[in-house]
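To keep things clear, I will list the structure first and then write my remarks on it.
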Amino acid sequence: MLGGTNAVELMSQVNEELGKLKSSTSLSSCKLKYAIYVGLPGGASMDNIRSIEDAKSHVATLYTVDFSSSSESKDEFSVDQVTASLDEINNMIKSKYDKEMANLIASKKITSLISISSDPLNVNKLTFEAAAKAKIPVTGSGGTSLSTAASNFIGLNIVGNSGGSVATTTYTKAVSFCYALSSGLSTKDEKVVYEPLSLSKGTKAPQMKSILEACLPAFITVSILLSFLGRISLPSDAFGSSQLEDWKLNLEVQLETKVLPTVCCIISANSYAPEHGSTAIMASGVASLCVHHSVLGGLITGYLTAILVRHTLLFCVRINVPATMTNIICAGGVGGIVVLCAKI
């Protein structure tokens with residue numbers, strides 16, 4: 388039961404991160420074997436759907452993994468989709484997929500469960516009943532739904548922190564889920580460890596030269612703009628010439644001292660922590676406040692920001708900080724810390 392603005396992207400990211408769970412007694416890797424997800428067009432929220440009439444009037448899409456005969460024969464990860472009214476989708480899940488999921492849990496084909504804003508008392512009731520009976524680890528986000536499940540299904544083994552889904556990225560969610568499951572799946576005889584690929588040995592970081600080459604369009608654009616502004620001469624006796632001259636000088640200063648260091652900082656952070664996406668971009672955007680006048684400073688600051696974002700995320704996950712707060716700390720707090728450290 389997965390949720391997110393882009394269902395396929397989220398499920399693919401979770402599947403990729405699950406593959407990084409390593410067992411001390413088995414060489415087989417974990418994966419997202421079965422999934423049920425319901426989403427509205429454009430990732431719209433379901434908070435405003437409060438009645439059956441609302442459900443009948445809204446179109447929704449059902450995304451499933453490995454429930455259809457067409458996907459069972461495929462080795463690659465695939466997602467099947469069905470579009471209908473939300474009411475029809477919910478009835479379809481209750482009459483078919485919820486029962487199948489419960490049977491898979493009971494037959495031990497599913498060893499853990501990820502839940503994001505599920506409906507434990509109605510649409511997904513049988514799944515949670517089976518999970519509680521089998522005592523498999525359950526993690527996810529949507530604190531209200533998980534707390535409801537915990538209070539209604541005795542024995543439900545919730546692991547990790549059931550943080551929110553607001554202001555989070557697919558990578559933040561996936562890392563949080565996998566770290567929680569690593570502790571939930573570990574036993575006295577078997578240790579399950581989650582090691583993100585970005586921190587593993589042998590991973591090659593991009594070279595500064597390649598990052599500078601990626602910034603080349605910005606360098607060319609700034610050079611052309613400065614050359615154009617340098618050729619503009621305003622008559623001293625023209626109306627408003629002093630204001631226009633001040634605007635021109637200010638623009639030249641911004642182009643010469645701020646644009647290129649900021650671009651280099653953001654590109655550098657995104658290159659060294661590409662899995663963090665918008666989180667690294669926002670953090671480096673804030674951190675770039677301290678790198679005016681220096682392209683090299685922008686590159687180094689972007690690199691440091693990427694490293695800090697990566698380790699801060701894992702630290703927050705380890706101490707059970709909710710996903711929403713984790714992303715706020717990584718996207719905003721890390722950049723602010725870099726600026727403060729640079730100004731000290």
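Mapping the sequence shown onto the numbering used here, position 95 (from 1) lands on 482, and the numbers just tick up by one.
All C-beta atoms in this analysis are idealised placements derived from N, C-alpha and C, irrespective of residue type, glycine included.
Item to complete: Flag this pair as touching only if the stretch 407-419 and the stretch 664-674 have three or more C-beta atom pairs under 8 Å; answer yes or no.
Response: no
Worksheet item: For the stretch 516-568, which segments carrying the beta strand (DSSP E) assignment without a break, of at least 3 residues, lie completely within its bounds, in sequence order?
Response: 524-528
Worksheet item: Counting along the chain, where does the alpha helix (DSSP H) carrying LYS443 start and finish?
Response: 439-444
Item to complete: Just mark HIS663 as buried or exposed, buried being the case when its beta carbon has 16 or more other beta carbons within 10 Å.
Response: buried
Worksheet entry | TYR421 - DSSP class collapsed to helix/strand/coil | coil
Worksheet item: From ALA521 to THR555, what distance separates their C-alpha atoms?
Response: 30 Å
Worksheet entry | Euclidean distance between Cα positions of ASN435 and TYR424 | 18 Å
Worksheet item: When you compare each of VAL446, PHE515, ALA442 to THR535 by their alpha carbons, which one comes out closest?
Response: PHE515
Discussion item. Across the stretch 500-519 and the stretch 468-475, are there enough close Cβ pairs to call them in contact, namely three or more that are closer than 8 Å?
Written reply: no
Item to complete: Measure how close the beta-carbons of VAL682 and PRO661 come, nearest whole angstrom, since I'm counting them as under 8 Å.
Response: The Cβ separation is near 21 Å, so there is no contact.
Discussion item. Across the stretch 635-649 and the stretch 689-698, are there enough close Cβ pairs to call them in contact, namely three or more that are closer than 8 Å?
Written reply: no
Item to complete: Using the DSSP secondary-structure output, state which residues sit across from VAL510 in a beta bridge.
Response: DSSP output for VAL510 lists no bridge partner at all.
Worksheet item: According to the neighbour-count rule (16 or more other Cβ atoms, all chains shown, within 10 Å of its Cβ), is ILE439 buried or exposed?
Response: exposed
Discussion item. Is the separation between the beta-carbon of LEU491 and that of TYR421 shorter than 8 Å?
Written reply: yes
Fill in: For THR498 and CYS565, the rounded distance between their alpha carbons
13 Å
Worksheet entry | Cα-Cα separation, ASN714 to VAL696 | 9 Å
Worksheet entry | Inter-residue Cα distance where the pair is GLY430 and LYS560 | 16 Å
Worksheet entry | ILE541 beta carbon less than 8 Å from that of VAL525 | no
Worksheet item: Name the DSSP bridge partner or partners of SER502?
Response: GLY527
Worksheet item: DSSP state of SER472, grouped into three classes?
Response: strand
Worksheet item: Can you give the Cα-Cα distance for ASN478 and VAL721, rounded to whole angstroms?
Response: 45 Å
Discussion item. What does the alpha-carbon distance come out to for the pair SER655 and VAL725?
Written reply: 15 Å
Fill in: Span of the alpha helix (DSSP H), counted from its first residue to its last, around LYS486
485-493
Fill in: Alpha carbon of LEU572 to alpha carbon of ALA718, nearest angstrom
30 Å
Worksheet entry | CA nearest to the CA of ALA447, picked from PHE464, LEU427, CYS728 | LEU427
Practice prompt. Determine the DSSP secondary structure at LEU408, reduced to helix, strand or coil.
Written response: strand
Discussion item. Counting C-beta neighbours from all protein chains within 10 Å, is the total for GLN400 16 or more, i.e. buried, or is it exposed?
Written reply: buried
Worksheet item: Skipping 5 residues on each side, what residues in its chain have a beta carbon closer than 7 Å to that of LEU616?
Response: LYS635, LEU638, GLU639
Fill in: Cα-Cα separation between SER494 and PRO593, rounded to whole angstroms
46 Å
Discussion item. Does SER345 pass the burial test, meaning 16 or more other C-beta atoms within 10 Å, or should it be called exposed?
Written reply: Outside the displayed span of the chain (388 to 731) sits residue 345, for which this structure offers no information.
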